[in-house]
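Participant:
In the numbering used here, the protein residues as written are 65 to 634.
(1) Compute the Euclidean distance between the alpha carbons of residue 516 and residue 608, then round it to the nearest angstrom.
(2) I need the DSSP call for residue 251, collapsed to helix, strand or coil.
(3) Can you tell me which residues form a DSSP beta bridge with residue 548?
(4) Does DSSP classify residue 336 as helix, strand or coil?
(5) Would you mind stating whether residue 294 and residue 307 have Cβ atoms separated by less than 8 Å?
(6) May I have the straight-line CA-CA distance separating residue 478 from residue 219, to the nearest angstrom?
(7) So what's residue 322 in DSSP terms, helix, strand or just coil?
(8) Looking only at its chain, what residues have a beta carbon closer than 6 Å to the beta carbon of residue 688, apart from the 5 residues adjacent to it on each side?
(9) Among residues of its own chain, excluding the 5 on either side of residue 146, which ones have a beta-carbon nearer than 6 Å to its beta-carbon?
(10) Apart from the five residues just before and just after residue 633, which ones in its own chain have a Cβ nearer than 6 Å to its Cβ?
(11) Taking just the CA atoms, how far does residue 118 sit from residue 299?
(12) Residue 348 and residue 454 - do their beta-carbons sit closer together than 8 Å?
(13) How should residue 258 be labelled, buried or exposed, when 16 other C-beta atoms within 10 angstroms of its C-beta is the threshold for buried?
(14) Within the chosen definition, does the segment 504-519 reach the segment 455-462 through at least 3 CB pairs nearer than 8 Å?
(15) For residue 128 and residue 545, I'd like the C-alpha separation in whole angstroms.
(16) Which residues does DSSP list as the beta-bridge partners of residue 449?
(17) Anyone know if the C-beta pair for residue 105 and residue 74 falls short of 8 Å?
(18) Within 10 angstroms of the Cβ of residue 206, are there 16 or more other Cβ atoms? Answer buried if so, exposed if not.
(19) In whole angstroms, give me the CA-to-CA distance for residue 554 and residue 541.
(20) Rounding to the nearest angstrom, what Cα-Cα distance links residue 367 and residue 360 in this structure?
(21) Tell me whether residue 172 sits in a helix, a strand or coil according to DSSP, three-state version.
(22) What residues match up with residue 202 in a beta bridge as DSSP calls it?
(23) Measure the alpha-carbon distance for residue 247 versus residue 323 and round it to whole angstroms.
(24) Does DSSP put residue 294 in a helix, a strand or coil?
(25) Considering just the uninterrupted stretch of the beta strand (DSSP E) at residue 72, what are its terminal residues?
(26) Do you know offhand how far residue 71's Cα is from residue 87's?
(27) Where does residue 65 land, buried or exposed, given buried means 16+ other C-beta within 10 angstroms?
(28) Compute the distance between the beta-carbons of residue 388 and residue 358, then report whether it is under 8 Å.
(29) Have a look at the DSSP bridge pairing and note the partners of residue 441.
(30) Can you tell me the Cα-Cα spacing of residue 261 and residue 194, whole angstroms?
(31) Can you tell me which of the three DSSP states residue 589 falls into?
(32) If you measure between the beta carbons of residue 201 and residue 211, is that distance less than 8 Å?
(33) Is the distance from the Cβ of residue 560 to the Cβ of residue 525 below 8 Å?
(34) Please classify residue 529 as buried or exposed, where buried requires at least 16 other C-beta atoms within 10 Å of its C-beta.
(35) For residue 302, is the classification buried or exposed, using 16 other Cβ atoms within 10 angstroms of its Cβ as the cut-off for buried?
(36) Give me the Cα-Cα distance between residue 611 and residue 215, rounded to the nearest whole angstrom.
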């Protein structure tokens, strides 16, 4: 922990049966320390008094922005002075929690060595050790700074010209329009307070050092930000292998949060039901379920099906788009023209290097011509769509290998021996059980996969490793999964968790709301039995959950089309 930049690597052995180890002790180049207003300071009344005094003593000028900047500077100076004079053990524990960024254990566990090791590990992993440019590797701070600055300066802030012959007035004619006066009205004090109180108090401070916790403690440089580089894949070294994320200052966060709150009041009337992302009351997994059913229809090759007659079907979530089209040269050429026109009109370029084409019932010669038109890669099922494995047939156990690898990676990064058994239980419930949760919202995970995951949970709980023997487990797993009131540890069973989240799909079928998939499915199935012209292996799981759904719901009888006289509660 005291030497976070020191690395240990193995080198190639020549004749000996021993592997040489290379220790590289790198010193940190001195750089100005960034100011961070720690949430722990807000626990001390003396800090609030000093901060409020420094804030209010700043003389007012004519410009409101200049006043805000001056007050933030005064607050920073007063905070630094107070920090040098007043640091206590209780507040230090909160600092380690905030810096450790381990949300599963924030609030309620002791300031143990575990938190400090996690924080040191994050510091070590957040370092970009090497950058590759023009076939060479660079590790010095000056070289890395120059390469990254030149690369991102060339792609950020450059305005692309757009040209389009599309008349957007005609395109959106008849659509609901927003109420502009409500969106551009001056901010009220109530809106600002609601925006600040809705922020995560444990989030990282802004580049100005002021976090959301400061605003909630009754403390009242614009347009400046830090850019943080997030690797797109493990072991990233090239400049284009990182994703730039802008960290805005606290006042900008308040402004954007307030504007978002205003827009949320109107957005349900402005965005069509097919857009399921970032919309309250809508589910991203519906697009995946929808796509699975369409893939099954295409696979069966039912030319009589009305969906097959459609030239192009689009399922879109933010920048993750799935297009189903007829595999003809004419249709694909027209599709390419539409995509290019979209790029020209919006300035948003289509990345064909990341685009894949998956054929279904297409001969190789035709597919080769289509790939030449689209200039993309050809692949096969399963494909990752919205982070889920999409296939036109039943998924195999190998399709869930990324999930198992994610769990193994998380377990390998934890210092299990530094944790008490109670701490491991918290990790299982709050972290490990949450990793497969997203897949469970759209898929019934195979029993073998669930057993494999629970075996890892069991080994982690009793031994702190990835394997355990029967004699090392203090109680049966069934007993550990009972509630604490019944003498168990309160660990959730994965099969029960999977069934519970899939019940949401069943509920959407019977609850008239903002779900385009449910509206489409209602036209093709008998809701009393869920039998009909529907496709996809998820329907077997949905039908199996129907008795459980009926046992916890009551039907308000209307025209009787969705009510089963003998089985529903009414």
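Note that CB positions come from ideal geometry on N, CA and C, so glycine has one too.
Facilitator: Looking at the coordinates:
(1) Residue mapping note: residue 516 aligns to position 452 of the chain shown, counting from 1. Residue mapping note: residue 608 aligns to position 544 of the chain shown, counting from 1. Roughly 23 Å separates the two Cα atoms.
(2) Position 187 of the chain shown, counted from the start, is the residue given in the question as residue 251. Coil at residue 251, not helix or strand.
(3) In the chain shown, residue 548 corresponds to position 484, counting from 1. Residue pairing of residue 548 in beta bridges, as defined by DSSP: absent, with no partner found.
(4) Against the chain shown, residue 336 aligns to sequence position 272. Correct three-state label for residue 336: coil.
(5) Taking the first residue of the chain shown as 1, we reach residue 294 at position 230. Taking the first residue of the chain shown as 1, we reach residue 307 at position 243. Yes, the pair counts as a contact, with Cβ atoms nearer than the cut-off.
(6) If you number the chain shown from 1, residue 478 lands on position 414. If you number the chain shown from 1, residue 219 lands on position 155. Rounded to whole angstroms, residue 478 to residue 219 spans 37 Å at the Cα level.
(7) Translated into the one-based positions of the chain shown, residue 322 becomes position 258. Three-state result, residue 322: helix.
(8) The structure shown does not extend to residue 688, since the chain spans only 65 to 634, so no value can be given for it.
(9) Numbered from 1 along the chain shown, position 82 holds the residue referred to as residue 146. For residue 146, where only same-chain residues beyond five positions count, the Cβ hits under 6 Å are 111, 114.
(10) Here residue 633 is taken as the residue at index 569 of the chain shown, counted from 1. Correct list, in chain order: 618.
(11) Position 235 of the chain shown, counted from the first residue, corresponds to residue 299. Position 54 of the chain shown, counted from the first residue, corresponds to residue 118. Taking C-alpha positions only, residue 299 is separated from residue 118 by approximately 45 Å.
(12) Walking along the chain shown from the start, residue 454 turns up at place 390. Walking along the chain shown from the start, residue 348 turns up at place 284. Cβ distance not < 8 Å, so residue 454 and residue 348 don't count as in contact.
(13) Position 194 of the chain shown, counted from the start, is the residue given in the question as residue 258. Classification for residue 258: exposed.
(14) yes
(15) By 1-based counting over the chain shown, the position of residue 128 is 64. By 1-based counting over the chain shown, the position of residue 545 is 481. Approximately 58 Å between the Cα atoms of the pair.
(16) The count along the chain shown starts at 1 and reaches residue 449 at position 385. 452, per the DSSP bridge assignment.
(17) Within the chain shown, numbered from 1, the residue matching residue 105 stands at position 41. Within the chain shown, numbered from 1, the residue matching residue 74 stands at position 10. No, Cβ-Cβ distance for residue 105 and residue 74 is not below 8 Å.
(18) On the chain shown, residue 206 is found 142 positions in, with the first residue counted as 1. Exposed is the call here.
(19) In the chain shown, residue 554 corresponds to position 490, counting from 1. In the chain shown, residue 541 corresponds to position 477, counting from 1. Rounded to the nearest angstrom, the two C-alpha atoms are 11 Å apart.
(20) Taking the first residue of the chain shown as position 1, residue 367 is located at position 303. Taking the first residue of the chain shown as position 1, residue 360 is located at position 296. Low confidence applies here, because residue 367 scores a pLDDT of 42, under 50, leaving its location unreliable; read the following figure in that light. When rounded, the distance between both Cα atoms is 13 Å.
(21) To locate residue 172, count along the chain shown from 1; it is residue 108. Annotation note: pLDDT 39 at residue 172 (below 50); position unreliable, coordinate value reported separately. Residue state, collapsed to three classes: coil.
(22) On the chain shown, position 138 is the one that residue 202 refers to. Answer by DSSP bridge pairing, in chain order: 195.
(23) Here residue 247 corresponds to residue number 183 of the chain shown, with the count starting at 1. Here residue 323 corresponds to residue number 259 of the chain shown, with the count starting at 1. Each residue's alpha carbon lies about 7 Å from the other.
(24) As a first step, residue 294 must be located in the chain shown, where it is residue number 230. Three-state DSSP puts residue 294 in a strand.
(25) The residue labelled residue 72 in the question sits at position 8 within the chain shown. 71-74 is the span of the beta strand (DSSP E), which, as asked, contains residue 72.
(26) As a working mapping, residue 71 is identified with position 7 in the chain shown. As a working mapping, residue 87 is identified with position 23 in the chain shown. If I take the Cα positions, the gap works out to 6 Å.
(27) Position 1 of the chain shown, counting from 1, holds the residue named residue 65. Annotation note: pLDDT 48 at residue 65 (below 50); position unreliable, coordinate value reported separately. Under this definition residue 65 is an exposed residue.
(28) As a working mapping, residue 388 is identified with position 324 in the chain shown. As a working mapping, residue 358 is identified with position 294 in the chain shown. Yes, the Cβ-Cβ distance between residue 388 and residue 358 is below 8 Å.
(29) Within the chain shown, the letter at position 377 stands for residue 441. Paired residue(s): 420.
(30) The count along the chain shown starts at 1 and reaches residue 261 at position 197. The count along the chain shown starts at 1 and reaches residue 194 at position 130. Their Cα atoms are separated by approximately 40 Å.
(31) Here the question's residue 589 lines up with position 525 in the chain shown. Of the three classes helix, strand and coil, the one that applies to residue 589 here is strand, per DSSP.
(32) As a first step, residue 201 must be located in the chain shown, where it is residue number 137. As a first step, residue 211 must be located in the chain shown, where it is residue number 147. The answer is no: Cβ separation not under 8 Å.
(33) As a working note, residue 560 is residue 496 in the chain shown. As a working note, residue 525 is residue 461 in the chain shown. The answer is no: Cβ separation not under 8 Å.
(34) Numbered from its first residue, the chain shown carries residue 529 at position 465. Exposed is the call here.
(35) Here the question's residue 302 lines up with position 238 in the chain shown. Exposed is the call here.
(36) Walking along the chain shown from the start, residue 611 turns up at place 547. Walking along the chain shown from the start, residue 215 turns up at place 151. Spanning the two alpha carbons is a distance of roughly 58 Å.
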